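All residue numbers for the sequence shown refer to this note's numbering, where the first residue is 1120 and numbers rise by one.
Just below is one structure, and these are the notes that go with it.
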Amino acid sequence: MNLPILRNIKPSNQIYWIRVILAMLSALICSPFVLNLSGFFGAVVTVLLYAASYYLLRDVIKIDVAAVGGRRKLIQIGVGTYVIVWILVWTVLNTIAIF
């Protein structure tokens, strides 16, 4: 996939921002507004979506694995931010659902 908006952005930044967006999407899916998943099942969905992001980035977005430092680096980029954003957004959505 050759998206014009991604052409001028470094591959590592593309990975980072795509994972931030996926973390928000995962939190929305786990929230009371969509599936209303409990902690364990929400975490499972989040881990599965993160694992799917590797294939999304490699096969759909066509990030060059060698350009980012290899397979391990592609997996590691953005993992901390992904978890923090997911927790933050999921917490906010659950808090909003109470009111």
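Even for Gly, the Cβ is constructed at its ideal location relative to N, Cα and C.
None of these values were measured; they are calculated from a predicted model.
- Residue 1204 places its beta carbon 8 Å or farther from that of residue 1153.
- The beta carbon of residue 1146 sits closer than 7 Å to those of 1205, 1208, 1209, 1212, all from its chain and outside the five residues before and after it, given in chain order.
- Contact between residue 1169 and residue 1201 holds, since their C-beta atoms are separated by about 6 Å, short of 8 Å.
- The straight-line gap separating the alpha-carbon atoms of residue 1183 and residue 1199 is approximately 22 Å.
- No Cβ-Cβ contact shorter than 8 Å links residue 1149 with residue 1166.
- Taking 8 Å as the cut-off, the Cβ atoms of residue 1156 and residue 1176 do not count as close.
- Per the coordinates, the alpha-carbon of residue 1158 lies some 15 Å from the alpha-carbon of residue 1216.
- In terms of Cα proximity to residue 1171, the closest of 1127, 1141, 1131 is 1141.
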